[in-house]
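Residue numbers (this note's numbering), protein chains in the order written: chain A, -12 to 217; chain B, 36 to 518.
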């Protein structure tokens, strides 16, 4: 069964989240303090973390960094009361994959969790080549010169979304829908921050990207044509 | 002043010269008369004496140079026995004004006049001519003229004049310098004060005038500084007050969100099972759900407004295709427009639809305007027009429905404004939508304008500069006007 670690200092909200997620068939661990997260995380690694940003003990951004230092793969979804603040960008930069602004609909939350947990579509398999990077869809790894580059699941999904149709220009909205599962959203921060993070990992020079290029006024594309393997 | 002084000096010098010339000539005449009377009467003796008289200039007063003598037969002496007309060879007869000769003829006393003395070598010098009579034995009446040149006086005066000019020039420099210093002393502090006042006006409330000395200027500075301090304190107090208030609104909105999330989830759960309750409770679940939706919207809008008030609205600028965005908004609202039997027409006339904006905000404006138009269209079509020029892009949203009373048009962007307070809102807006839309437009340095007429519909035009900060030279679409 899928397990989610809920980190929130509001007991009632945490309990309600538990009820809703249990109802959706998801197992829930609750933590109410920021400085207790890592103990629980190590003892019982969850499939996903729901993380409130304002926490006693240790703030959410720092918790996010600690989790990322420990696990590159686990998806982190932030819960925040302030949708537009600097905190959201800081959280995304600290390694969070997505965020939800309170108040949110339970169905939306469950859908978002499922999107984050789903495996990249199974119709693709084998190795995608993008420039000098090899993307192994099944293994969920990317390598350059035989060396693995660690990516978060979301970064991997983002890269695959771009790489499976090299040269196609994706609008930010299209990427939000494809990678994050958003239907109507123009939250460009989400895309921009993750593109930046991804570039920092895969580009030779992230100031002058060649693998993921910006198409002015529209969005992004996988810059150099790749070949679909196998 | 210098020339007046020079005049006085020259008059004094000339008068002195005239006085000394008169006394000298009197003496010389006396001496000459004596020599002629006692010297002998031979032709040769007379000529010798005449020669001596004429050339004796140095003998009488050695220090006084420039005296010439002319000995000339009187006009009365028509037939002299001996002619002894003599002239010191350096001057010409022309130096004696004829007017003076006439005067001497009829006068018993010496006469004098100012004249220009002409020298043999041609140069002319101002001076005076003193004339007197001599009675010479055997020869008869003779006139003797003494010509006193002002040359040394002129030289002295020239020297004085030059010194005066030099002194004047130095004085002038001194005056200019002192004036400059004085002006600096007076003007500079005033100019500084004006500059500080301008900076203060521009918002640099911490600016103060530096006060030096204890003159009127410094008193002005002290008063200005006191005023500035008072204003700064007052503004800071108001700022704090307003910050506290905005902070409070923002905090309230945020604090409400966590419990609202719990309520929202609980309500959703109950709502999901509403079929299993008896009708009253089931309906209550529905009402709870819809009112939580409304509460949520209101809270979100309130939070947005508090951000505008705190000027904390963060902009996330990217380049978008306005055609594409408008078309997407229309598509997204197609369910609602179909439900209301409203056809939305889109007319695009754009050379370059790319514009730098905060996509979320612009989309919010467009959705708001479109929803309003569809809501109030009364089953008539809604016309959406996009036009652009070099500096700006406009989107016009025109409906032909119930319209807005023109008197109410200026108020449509007011917070919580309702066209008709009694009329139920079909889509349950928060009353903050248009206000937020206008604030969003202003954040982009754009405009949002409204036109309306009862039963003829309304028009809203959003105009955005191509880039934030650009000036909108001309609006691509003009607002309708009520005839």
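Backbone N, C-alpha and C fix where the C-beta goes; we use that ideal spot for every residue, glycine too.
Using only CA atoms, which one of 86/B, 144/B, 398/B lies nearest to residue 119/B?
When each option's Cα is compared against that of residue 119/B, the closest is 86/B.
Beta strand (DSSP E) runs contained entirely in the stretch 145 to 229 of chain B, provided each spans 3 or more residues:
Listed in chain order, the beta strand (DSSP E) runs fully inside the stretch 145 to 229 of chain B are 146 to 153, 159 to 171, 175 to 184, counting runs of at least 3 residues.
Over what stretch of residues does the alpha helix (DSSP H) that includes residue 285/B continue unbroken?
That run of the alpha helix (DSSP H) goes 251 to 307.
What do you get for residue 347/B, buried or exposed, if any count of 16 or more other CB atoms within 10 angstroms of its CB means buried?
By the beta-carbon neighbour count (other beta carbons within 10 angstroms, threshold 16), residue 347/B is exposed.
So, are the CB atoms of residue 471/B and residue 384/B less than 8 Å apart?
Result no, Cβ atoms of residue 471/B and residue 384/B do not sit closer than 8 Å.
Do residue 37/A and residue 4/A count as a contact pair if the criterion is CB distance below 8 Å?
Yes, they are a contact pair.
Chain B contacts made by the stretch 58 to 92 of chain A, where a contact means CB separation under 7 Å
Interface annotation for the stretch 58 to 92 of chain A against chain B: 68, 69, 71, 89, 90, 91, 92, criterion Cβ-Cβ distance under 7 Å.
Rounded to whole angstroms, what's the CA-CA distance from residue 214/A to residue 121/A? Just pull it up for me.
Per-residue confidence for residue 214/A stands at a pLDDT of 39, beneath the threshold of 50, marking its modelled position as unreliable; the derived number appears in the next sentence. Rounded to whole angstroms, residue 214/A and residue 121/A show a C-alpha spacing of 10 Å.
Give the range of the beta strand (DSSP E) segment to which residue 380/B is assigned.
If you look at residue 380/B, you'll find it in the beta strand (DSSP E) that goes 379 to 384.
Buried or exposed for residue 132/A, please, with buried defined as at least 16 other CB atoms from any protein chain shown within 10 angstroms of its CB.
Residue 132/A is exposed by the Cβ-count criterion.
Cβ shell of residue 88/B (< 7 Å), same chain only, five flanking positions each side left out:
If we look at residue 88/B and ignore the five residues flanking it on each side, its Cβ neighbours are 67, 70, 104, 106.
Span of the beta strand (DSSP E) around residue 361/B
Boundaries around residue 361/B are those of the alpha helix (DSSP H), 357 to 367, since no beta strand (DSSP E) includes it.
Could you please give the first and the last residue of the uninterrupted alpha helix (DSSP H) stretch that includes residue 83/B?
Start and end: 78 to 90.
Looking at residue 425/B and residue 498/B, is the spacing between their C-beta atoms short of 8 Å?
Cβ distance not < 8 Å, so residue 498/B and residue 425/B don't count as in contact.
Own chain, CB closer than 7 Å to residue 201/A, minus 5 neighbours either side, in chain order
The beta carbon of residue 201/A sits closer than 7 Å to the beta carbons of 207 from its chain, once the five residues preceding and following it are set aside; these are given in chain order.
List the residues of chain B whose Cβ lies closer than 8 Å to the Cβ of residue -1/A, in chain order.
Residues of chain B passing the Cβ test: 294, 297.
Cutting at 6 Å between CB atoms, please list the residues of its own chain near residue 448/B, excluding the five before and the five after it.
Apart from the 5 residues on each side of it in sequence, residue 448/B sits with its Cβ closer than 6 Å to the Cβ of 469, 470, 473 in its chain, given in chain order.
Helix or strand or just coil, what does DSSP make of residue 45/A?
Residue state, collapsed to three classes: coil.
Three-pair Cβ contact test at 8 Å for the stretch 196 to 216 of chain B versus the stretch 52 to 63 of chain B:
The stretch 196 to 216 of chain B is not in contact with the stretch 52 to 63 of chain B.
Express the C-alpha separation of residue 363/B and residue 274/B in angstroms, rounding to a whole number.
Cα to Cα, residue 274/B sits roughly 41 Å from residue 363/B.
Residue 331/B versus chain A: which residues are under 9 Å apart at the beta carbon?
Here the neighbours are 90.
Residue 158/A and residue 205/A - do their beta-carbons sit closer together than 8 Å?
Between residue 205/A and residue 158/A, the C-beta spacing is below 8 Å.
Rounded to whole angstroms, what's the CA-CA distance from residue 365/B to residue 379/B? Just pull it up for me.
Taking the straight line joining both Cα atoms gives about 7 Å.
So which of -12/A, -10/A, 194/A, 180/A has the shortest CA-CA distance to residue 86/A?
Of the candidates -12/A, -10/A, 194/A, 180/A, 180/A places its Cα closest to the Cα of residue 86/A.
Residue 318/B, DSSP secondary structure in three states:
Reduced to three states, the DSSP call for residue 318/B is helix.
If you measure from the beta carbon of residue 7/A to each beta carbon in chain B, is any gap under 8 Å?
Closer than 8 Å: yes.
Going by beta carbon distance, what residues of the same chain come within less than 6 Å of residue 83/A, once the five residues before and after it are set aside?
51, 63, 65.
Taking only the alpha-carbon atoms, compute the straight-line gap between residue 349/B and residue 512/B and give it to the nearest angstrom.
Cα-Cα distance, rounded: 28 Å.
Every unbroken alpha helix (DSSP H) within the stretch 5 to 41 of chain A, with a cutoff of 4 residues, ordered by chain
Unbroken alpha helix (DSSP H) runs of no fewer than 4 residues, entirely contained in the stretch 5 to 41 of chain A, are found at 24 to 30, following chain order.
Buried or exposed: where does residue 121/B fall if 16 or more other Cβ atoms within 10 Å of its Cβ makes it buried?
Its Cβ being crowded by 16 or more others within 10 Å, residue 121/B is buried.
Beta carbon proximity, residue 395/B to chain A, threshold 8 Å
Taking 8 Å as the CB threshold, residue 395/B lines the interface with chain A.
Between residue 304/B and chain A, is any beta-carbon pair separated by less than 8 Å?
Taking Cβ atoms only, chain A reaches closer than 8 Å to residue 304/B, which makes this a yes.
Please tell me whether residue 353/B has its Cβ less than 8 Å away from any Cβ of chain A.
Output row for residue 353/B: interface = yes.
Please list the partners that residue 289/B has in chain A, where partner means a Cβ-to-Cβ separation under 8 Å.
What residue 289/B touches in chain A: 68, 69.
Between residue 421/B and chain A, is there a C-beta pair that is closer than 8 Å?
It does not; no Cβ of chain A falls within 8 Å.
Taking the CB atoms as reference points, tell me whether residue 299/B and residue 327/B lie closer together than 8 Å.
Cβ distance < 8 Å, so residue 299/B and residue 327/B count as in contact.
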